[in-house]
Amino acid sequence: MKIGYPCINRSIGCTSNKTFRLKSYSEEKMITTISNNLLCLKKILQYNINHNIFFFRISSDLVPFASHPICIFKWQHYFKNDFKEIGEIINQNKIRISMHPDQFIVLNSIKEDVVKRSINELIYHAEVLDLFNLDFSAKIQLHIGGAYGDKKRSMQRFIDNYLTLNEKIKKRLIIENDDKIYSVKDCLMISEKTHIPVLFDTFHHCLLNYNESIKECIYQIQKTWQQKDGIPMVDYSSQQPNSTKGKHAESIDLIDFIDFINQTKPTDLDIMLEIKNKEKSAQQAEQLLRQDKRFYHPVIIRE
DNA sequence: TCACGTCAAGCAGAT
DNA sequence: ATCTGCTTGACGTGA
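Last residue of the first sequence? That's 310 in my numbering, and every number before it is there in order.
See below:
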C-alpha cells in the first residue's frame with residue numbers, strides 16, 4: 008500500500024505545471040518552461056522520497072501545448088536525458104506514477120474532432136511515461152466521458168473508440184467512475200468487455216452509486232487489475248464541511264480515512280489522496296498507517 | 001508591484 | 001442564455 012497526492016506540492020516553492028499563453032508561444036518559451044517543470048518534478052519526487060510518499064500523480068501540464076498543432080518542437084528529443092534521469096529516480100525508488108488527463112479529453116464525444124484531439128492528448132501522456140521508461144503499472148486514468156442523452160450508446164462509443172487506440176495507450180489506460188454519469192457499475196460493465204482496469208474513486212462513488220458498499224466495490228474493481236497493471240489504484244477524498252456538495256476537503260479527516268481503510272481490507276491498494284493541502288495530508292495518512300501496523304500488511308487477493 | 005480578467009480544449013446541471 | 005465545477009491555478013496586461 009502506497010499513499011500519494013496529485014500534481015502539486017505546496018511546500019517546496021515551485022510547480023511542475025508552469026505554462027504560458029498560447030499567443031506567446033515560442034520554442035524558447037517551451038524550453039525554459041519544460042526545463043523548469045522537469046527540474047521541479049525532480050524536486051517534488053525527492054521531497055516525496057524524504058517523506059515516505061511513494062505514489063504521485065504527474066501533472067498533465069508538464070509539457071504545455073504538447074498535443075496542440077502549434078507545437079512542432081521536438082521536446083521528446085531535446086529533453087530525452089532529463090526524462091531518463093527522472094525516470095531512474097522513479098524506478099530506483101519504486102515510486103508509483105499516475106496521470107489524469109483533464110476534462111477536455113473525451114474519448115466518447117459525438118464530435119469527431121474532439122475525439123481526435125483527445126487521442127492526441129492520450130498519445131502525449133503515454134509518451135511522457137515511456138520517456139521515463141516506466142513499466143505498465145504507471146497508468147493514465149480517464150473518465151468515460153459524456154452521456155449525450157443516450158448513456159448506453161455513449162458507453163458503446165467509448166468501447167469502439169478505445170479499440171482503435173494503439174497498444175502504448177491501451178496498456179496504460181484505466182477508467183474511473185465519475186460523480187454525475189458513469190458509476191463504478193458502468194465502469195465495470197465496460198471493463199468486462201475491454202479488460203480495462205477500473206480505478207475506484209470513493210468520493211465520486213458517494214455522489215453516484217447503486218447502493219453498492221465500498222467493500223463490494225473494492226472486491227469488484229480489484230479483479231480488473233492484472234499482475235502487469237500493478238496494485239489497484241484508488242482515489243480517496245472527502246467532503247469539505249459546510250461547502251457545496253462535491254467539493255474536496257481542505258485537509259484529511261483521519262477518522263473517515265481509517266474507516267475507509269478498514270472497509271478495503273484485505274485488498275492491497277495504492278491510494279491517491281485528492282485533498283487540497285496535498286502533501287500535508289499524504290504525510291499525515293502515511294504516518295498514521297506506518298505507526299499502526301494493523302493497517303499495513305494487507306493480504307493480497309489475486310485471481 | 002499588484003489586481004484581476006482571462007486562459008487550448010468538453011460536458012452537464014444549476015441559475 | 002450564461003455560469004460553475006471538474007484535479008485547479010497562474011499568466012500577463014494594465015494601472
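Beta carbons are placed, not taken as given, at the ideal position from N, Cα and C, and that holds for glycine.
Just so you know, these numbers come straight off a predicted model, no measurement behind them.
C-beta atoms of residue i and residue j nearer than 7 Å
i    : j    : result
T171 : I225 : no
F63  : N55  : yes
H212 : Q148 : no
I278 : A256 : no
D275 : I238 : yes
V205 : L195 : yes
S198 : K146 : no
D260 : S245 : yes
L114 : G156 : no
I77  : Y32  : yes
Host beta strand (DSSP E) of residue i (start-end)
i    : result
I182 : 180 to 183
F207 : 205 to 208
Y12  : 9 to 13
Close Cβ partners of residue i (< 8 Å) along its chain, the five nearest in sequence each way excluded
i    : result
I262 : none
R309 : For R309, the pLDDT reaches just 35, beneath the cut-off of 50, and the residue's location in the model is therefore unreliable, leaving the point undetermined.
N100 : L52, I56, F61
Contact set for residue i: own chain, Cβ-Cβ below 7 Å, skip 5 residues either direction
i    : result
F27  : K36, T40, P71
A154 : S161, I188
I19  : K50, I51, Y54
N16  : I51, Y54, K285, E286
K222 : Q270
F86  : I41, L45
Y217 : S190, K192
T22  : I15, C47
N80  : Note on residue identity: the sequence assigns Phe, not Asn, to residue 80. Here the set comprises E34, M37.
I307 : Note that I307 scores 40 on pLDDT, short of 50, meaning its location in the model is unreliable and no value can be drawn from it.
I97  : L52, I104, F139, L141
P305 : Reliability of the predicted coordinates at P305 is poor, the pLDDT of 44 falling under 50, and the value obtained from them is presented with this limitation in mind. Contacts found: M8, K272, P273, T274, D275.
Own chain, CB closer than 6 Å to residue i, minus 5 neighbours either side, in chain order
i    : result
H150 : E183, D185
K235 : F143
N140 : G94
H75  : none
F61  : K9, I102
F90  : L138, F139
F210 : S244
Of the residues the options, the one placed nearest residue i, counting alpha carbons only
i    : options               : result
Q110 : Y131, S67, D89        : S67
L280 : E293, P273, T274      : E293
N24  : V113, L69, K81, P13   : L69
Y12  : L276, D120, S288      : S288
Q229 : I181, L45, Y32, K158  : I181
S220 : S244, F267, E174      : F267
E128 : Q298, N173, Y32       : N173
Q227 : Y243, I203, D157, Q83 : I203
K177 : I112, N98, I126, N100 : I126
N346 : Y131, V135, K123      : Absent from the structure is residue 346, since the part of the chain shown begins at 8 and ends at 310.
E119 : Q290, R164, Q99, Q83  : R164
Y131 : R179, E92, I166       : R179
A133 : Q83, W232, I166, S245 : Q83
L136 : M240, K175, K30       : K175
Extent of the continuous alpha helix (DSSP H) to which residue i belongs
i    : result
L29  : Segment: none, L29 is in no alpha helix (DSSP H) and carries neither H nor E.
I19  : Where I19 is concerned, there is no enclosing alpha helix (DSSP H), given that its DSSP letter is neither H nor E.
K200 : 191 to 201
For the segment 216 to 301, list the alpha helix (DSSP H) runs that are entirely contained and at least 4 residues long, ordered along the chain.
With a minimum length of 4 residues, the continuous alpha helix (DSSP H) runs that stay inside the segment 216 to 301 are 221 to 229, 261 to 271, 286 to 298.
Segments of 3+ residues assigned as beta strand (DSSP E) that fall wholly inside the segment 56 to 138:
Within the segment 56 to 138, complete beta strand (DSSP E) segments of at least 3 residues are found at 62 to 65, 103 to 106, given in chain order.
Could you tell me which uninterrupted beta strand (DSSP E) segments, each at least 3 residues in length, are contained entirely in the segment 143 to 178, listed from first to last along the chain?
For the segment 143 to 178, whole beta strand (DSSP E) runs of length 3 or above, ordered along the chain, are 146 to 150.
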